[in-house]
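Peer 1:
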Amino acid sequence: MPKHLISIHDFSKEEILRVLSLAAEFEKNPSRPLFSDKVIASIFFEPSTRTRLSFETAANRLGARVIGFSDAGNTSVTKGETLKDTIKMVSNYADLIVMRHPLEGSARYASEVSSVPVINAGDGANQHPSQTLLDLYSILKTQGRLDNLKINMVGDLKYGRTVHSLLQAMSHFNPTFRFTSPEELRMPAEYKEYLNEKGIPFEESSNLEDGISDTDILYMTRVQRERFTDAIEYERVKNIYSLQGNMLTETRPNMKILHPLPRINEIAQDVDNSEHAYYFEQAGNGVYTRMAIITMLLGVNQL
Ligand code: CP
Numbered sequence: 002m003p004k005h006l007i008s009i010h011d012f013s014k015e016e017i018l019r020v021l022s023l024a025a026e027f028e029k030n031p032s033r034p035l036f037s038d039k040v041i042a043s044i045f046f047e048p049s050t051r052t053r054l055s056f057e058t059a060a061n062r063l064g065a066r067v068i069g070f071s072d073a074g075n076t077s078v079t080k081g082e083t084l085k086d087t088i089k090m091v092s093n094y095a096d097l098i099v100m101r102h103p104l105e106g107s108a109r110y111a112s113e114v115s116s117v118p119v120i121n122a123g124d125g126a127n128q129h130p131s132q133t134l135l136d137l138y139s140i141l142k143t144q145g146r147l148d149n150l151k152i153n154m155v156g157d158l159k160y161g162r163t164v165h166s167l168l169q170a171m172s173h174f175n176p177t178f179r180f181t182s183p184e185e186l187r188m189p190a191e192y193k194e195y196l197n198e199k200g201i202p203f204e205e206s207s208n209l210e211d212g213i214s215d216t217d218i219l220y221m222t223r224v225q226r227e228r229f230t231d232a233i234e235y236e237r238v239k240n241i242y243s244l245q246g247n248m249l250t251e252t253r254p255n256m257k258i259l260h261p262l263p264r265i266n267e268i269a270q271d272v273d274n275s276e277h278a279y280y281f282e283q284a285g286n287g288v289y290t291r292m293a294i295i296t297m298l299l300g301v302n303q304l
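Just so you know, we're using the numbering used here here: the sequence shown kicks off at 2 and counts up by one.
1. Is T222 a contact residue of the ligand CP, with contact defined as CB to any heavy atom under 7 Å?
2. For the stretch 3-60, which segments carrying the alpha helix (DSSP H) assignment without a break, of at least 4 residues, lie completely within its bounds, in sequence order?
3. Could you give the uninterrupted runs of the beta strand (DSSP E) lying entirely in the stretch 202-226, keeping only those of 3 residues or more?
4. Mapping the DSSP letters down to three states, classify A278 as helix, strand or coil.
5. Run through DSSP, which three-state label would M292 get?
6. My output table needs one value for I68: the three-state DSSP class, helix, strand or coil.
7. Starting from H102, trace the beta strand (DSSP E) in both directions and tell me its first and last residue.
8. Rounded C-beta distance between V99 and S55? I'm assuming under 8 Å.
9. Under 5 Å, CB to any heavy atom of the ligand CP. Which residues pass, going along the chain?
10. For I68, does the count of other Cβ atoms within 10 angstroms reach 16, so buried, or fall short, so exposed?
11. Does the stretch 80-93 touch the stretch 5-16, meaning 3 or more C-beta pairs lie closer than 8 Å?
12. How many angstroms separate the CA atom of M248 from the CA atom of D215?
13. Under three-state DSSP, which class holds L167?
14. Under 8 Å between the Cβ atoms of V40 and T290?
15. Kindly indicate which three-state DSSP category A126 falls into: helix, strand or coil?
16. Cβ of I265 within 8 Å of Cβ of M221?
17. Pick out whichever of F12, I9, L6, N30 has its Cα sitting closest to the Cα of L304.
18. Let me know if S77 comes out buried or exposed under the rule of 16 or more other beta-carbons within 10 Å of its beta-carbon.
19. Going by the beta-carbon positions, is the gap between N121 and L6 smaller than 8 Å?
20. Helix, strand or coil for N153? Go by DSSP, reduced to three states.
21. Determine the extent of the beta strand (DSSP E) in which T177 is found, giving its start and end residues.
22. In this structure, does DSSP put K193 in helix, strand or coil?
23. To the nearest whole angstrom, what separates the beta carbons of P183 and I233, a pair I think is in contact under 8 Å?
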């Protein structure tokens with residue numbers, strides 16, 4: 002059976018650290034045509050800018066050829082072809098599949114019917130593990146360590162798949178969490194139970210400004226309009242937080258602001274010039290991290 006990356010739990014702590022170490026090697030020298038005999042399929046059933054383009058850049062930098070689609074509307078899915086049949090076809094053609102799909106659990110299902118490794122590039126509100134690995138790489142680069150950090154996750158903690166995966170990955174590294182969200186978008190109970198079982202402390206708040214001065218990582222997220230079934234509920238919470246430059250006067254010197262992007266209103270433009278802003282560099286780190294993930298899933302563990 003091929004190894005997949007569907008949930009962050011699919012990689013042990015040692016494998017996570019190996020991804021980060023490989024990513025650092027790729028950052029030093031990004032042109033490494035290790036896989037010129039491979040074809041990578043990039044199949045996106047849901048919109049993406051960073052994840053798709055950085056995976057495709059990573060594949061190109063590794064010398065692989067890329068096939069796929071960014072809009073399932075141009076595929077036989079429109080004729081009623083099932084996900085199972087689509088994956089079986091794509092795994093006939095490619096050596097590895099990168100898939101984004103709106104349905105939670107779809108990536109796990111794809112991995113069960115695929116004959117080649119599958120990378121989950123986001124399945125509904127569930128998981129986005131390659132984003133988590135690039136987040137960890139960004140945290141390590143900016144903090145010099147992963148252990149004993151205080152992380153304040155802000156915004157849509159209910160539907161935001163990036164915070165769900167990041168919380169689980171950071172649990173290897175003795176973190177302390179603050180969850181800042183409106184009541185309607187609280188971190189789901191299953192994730193809080195997970196932290197309780199591991200003895201990892203967290204607090205919940207609705208106040209953004211109170212949680213800035215004593216944090217190492219301020220992890221902002223977008224309110225996920227596409228996950229709401231009730232438009233009125235979305236309207237009520239969509240502009241709940243907006244981080245402004247003048248809120249950053251009393252912070253730890255090492256504090257960095259991360260965001261998986263895209264942002265809407267939750268980070269004002271004037272924050273972009275702050276020494277604490279790191280979200281554009283974070284997205285850039287996605288190429289090296291995804292090169293490392295592809296390399297490991299294609300069976301190469303060191304360069
Ligand atoms: N961070 C992220 O998943 O961005 P995209 O939706 O643009 O891929």
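C-beta atoms are modelled at their ideal positions from N, C-alpha and C, and glycine is treated no differently. Small disclaimer: the values here were computed from a predicted structure and weren't measured.
Peer 2: In short, the structure shows the following:
1. no
2. 14-29
3. Correct list: 203-206, 218-221.
4. strand
5. The three-state reading of DSSP puts M292 in helix, counting H, G and I together.
6. strand
7. 97-102
8. At roughly 10 Å, the Cβ-Cβ gap does not stay under 8 Å, so V99 and S55 are not in contact.
9. S49, T50, R51, T52, P261
10. exposed
11. no
12. 13 Å
13. Note: L167 maps to helix in three-state DSSP.
14. no
15. coil
16. no
17. N30
18. exposed
19. yes
20. strand
21. Per DSSP, the unbroken beta strand (DSSP E) holding T177 starts and ends at 177-181.
22. Here K193 carries a helix assignment [DSSP, helix/strand/coil].
23. Not a contact, Cβ separation roughly 14 Å.
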